[in-house]
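Working notes, beginning with the structure itself.
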Amino acid sequence: MESEQTENFCWVLEKLKELFVKKDMCPQVILTDRDLALMKAIEVVFPNSINLLCRFHINKNVGAKCKQHVVNDLQKTIDTLWMEVVWASDEVEYGQRLHQLEQACVDYSGFINYVKDTWVESAHWKLKQMLGNSIGDMVKCWEAMNNNLRLQLGNIRASFQKSFYEVEHAHVSPFYGYLRGSVSRAALRRIAEELLRVDYVGTNRQICGCTLRTSYGLPCACELGRYRVGGIPIPIDAVHVHWRKLTMEVELEIGEDDGSEVDMTAAMDELWRRFRSLDVIGKRALRSRVCELAYPTMTTLCPPPEKIKTKGGVKKKGKKPADYDVYRDPSYHESYIEDVVNVESDGNCGFRVIASLHGYGEDGWSMVRRELGLELIDKDRSTLYDKLFSNRLSAVRESLMIESFGSQPPEKWMSLPDMGYLIANRYNVVLVCLGNPCITFFPMTSSHSPNVSIYCIGFVNQNHWVQVNMKEGFPLPPVTLDWKKFRSHIATTWMLGFAGRMQHWQLLTPVLA
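Take 0 as the starting number for the sequence shown in numbering that gives the first Met the number 0 and just add one per residue.
Okay, here's the thing in structure tokens:
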């Protein structure tokens, strides 16, 4: 919105309220940042809803303010004390923790005054990351918001499927019998955490505080204590309907006046009229869009232009062909590669693979492009990239910038080793490329982590990237000379941590060469 004032927020919320299928079904809890105009508008439009502040934004802004006002030696201590305030279980503990924080910040009045008087000032972080700035035109803003919503919907649908079919070990108990497969796994985790409080809360409502019931609509410790004493499983009705809705579909209660709202006759007639008026190319495009809606489980992805050979070896002894790469070698493939996952061939395939591996979904490739562009201008690593890319810095930056979401020309394709360094640093992962040559990219400014994610990609047909799923403990190819030259001192621990797997690769080299 151009002006974030109370009356403008009221207008937006009224429009949102009109979208609810059931007019009396309003949200019981609304989560916002500390925008006073928005909070006042919520009181007007949704007077019966509880307005809670977003903990993520609170912590993010308090952490940033702490770095501004507090010396480095005390920042970690202050952060710990602040988190104890946030996670206080009742008002008494909250007051005690806040007093401890005030005592620790006695010399930092600017910080503690900010915490007590302001708490947080932020907006929706992920959407801001995609928008980049506040001066984009309507089309770019719409595309960014649309991509963000599509990613969220994909993640929500995936979580629904897991809630239906996957049971975590902590929820195997008959105590959760009525809830398994009918309630979100996120709700079950919160109930399991609350169950740990039953031992000292018992069934006492005053000691419990009932925070989980009032804030989340889930059974709190005293309720769970009563179910445990009675020897009965948690009833499904004890969980708010929000946590029981495991589908994106809306169940309509059809009445006399509801028919017009869901009738598609006029829309279908208009669609047919438009279809008949188009030329052949337009009809194909429209048919493709309709098929995406009619057959959501089908895909328009095409296989690679040439079939990847996964069986058999190179028949001739001696020197391998010029276009031969390790990824195609059967001695490596059959031993360590479990699966190859293809993505759409549109010039964004490399970024599609990284988006899929990082949990964004294949369609999140535009987010990966944007985040790598942000990585390139990160103030903490700008000097590193100036040295690493030298006079190619502008070319690397240009390769990440696109004008449309369609197919991309070769100069916009993901290229290694340049993108390898950015990916490893941005996401703090180990990136393994199987191609010609095979390369490992470690983060260049962080130390070794035993639980790091390893992303493995393959370059096939000299023009296409695919996702490669490897077996546990597979050998790692060598790093580049530039990585050794420009990495920080602490980054050396990556090679030490994976020394065994890199030595294993060297042992295989005579066979693969």
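C-beta atoms are modelled at their ideal positions from N, C-alpha and C, and glycine is treated no differently.
Query raised in the report: Helix, strand or coil: how does DSSP classify ILE231 here?
Result: coil
Requested in this report: Measure the CB-CB distance between HIS170 and ALA191 and report whether it falls below 8 Å.
Outcome: yes
Requested in this report: Mind listing, in chain order, the continuous beta strand (DSSP E) runs of no fewer than 3 residues lying wholly within the region 9–71?
Outcome: 28–31, 49–52
Report task. Using a threshold of 8 Å, state whether the C-beta atoms of VAL238 and LEU178 are closer than that. Result -> yes
Query raised in the report: What are the start and end residues of the beta strand (DSSP E) that includes VAL177?
Result: For clarity, residue 177 is Tyr in the given sequence; the question names Val instead. Note, TYR177: premise wrong, no beta strand (DSSP E); not H, not E.
Query raised in the report: Taking all protein chains shown into account, do 16 or more other C-beta atoms lie within 10 angstroms of the C-beta of GLU42, making it buried, or fewer, making it exposed?
Result: exposed
**Report entry** Identity of the residue in ARG96, PHE55, GLU13 nearest THR31 by Cα
**Finding:** PHE55
Requested in this report: Taking VAL339 and GLY457 to be in contact with their CB atoms under 8 Å, please state how far apart those CB atoms are, rounded to whole angstroms.
Outcome: 7 Å
Query raised in the report: Does the distance from the CB of ILE376 to the CB of VAL467 come in under 8 Å?
Result: no
Query raised in the report: With respect to the beta strand (DSSP E) encompassing TYR107, which residues constitute its N-terminal and C-terminal limits?
Result: That residue, TYR107, is in no beta strand (DSSP E); it is neither H nor E in DSSP.
Query raised in the report: If you draw a straight line from the alpha carbon of GLU6 to that of ALA40, how long is it in whole angstroms?
Result: 7 Å
Query - Residue interval of the beta strand (DSSP E) (run including MET469) - result: 463–469
Query raised in the report: With DSSP run on the structure shown, which of helix, strand or coil describes TYR384?
Result: helix
Query raised in the report: First and last residue of the alpha helix (DSSP H) that includes VAL395?
Result: 392–399
Query raised in the report: Three-state secondary structure (DSSP) at THR202?
Result: coil
Requested in this report: Would you give the residue range spanned by the alpha helix (DSSP H) that TYR215 belongs to?
Outcome: 210–215
Query raised in the report: What's the call for PHE274, buried or exposed, on a 16-neighbour Cβ count within 10 Å?
Result: exposed
Query raised in the report: With burial defined as no fewer than 16 other Cβ atoms inside 10 Å of the residue's Cβ, what is the status of VAL342: buried or exposed?
Result: buried
Requested in this report: Locate the beta strand (DSSP E) running through GLU337, then write down its first and last residues.
Outcome: 336–340
Query raised in the report: In this structure, what does DSSP give as the bridge partners for TYR164?
Result: According to DSSP, which records beta bridges pairwise, TYR164 is partnered with nothing at all.
Query raised in the report: DSSP three-state call for VAL114: helix, strand or coil?
Result: helix
Query raised in the report: Nearest-angstrom Cα distance between HIS168 and LEU51?
Result: 31 Å
Report task. Output the boundary residues of the alpha helix (DSSP H) element that contains GLY405. Result -> Looking at the DSSP string, GLY405 is not in any alpha helix (DSSP H), and its letter there is neither H nor E.
Query - One or two residues paired with VAL459 in a DSSP bridge - result: HIS463
Report task. Pull up the distance between the alpha-carbon of PHE19 and that of ILE29, whole angstroms please. Result -> 15 Å
**Report entry** Closest Cα partner of SER34 within the set THR246, GLU3, ALA63
**Finding:** Note that residue 34 is Asp in the sequence shown, not Ser. Checked all of THR246, GLU3, ALA63; the closest Cα to ASP34 is GLU3.
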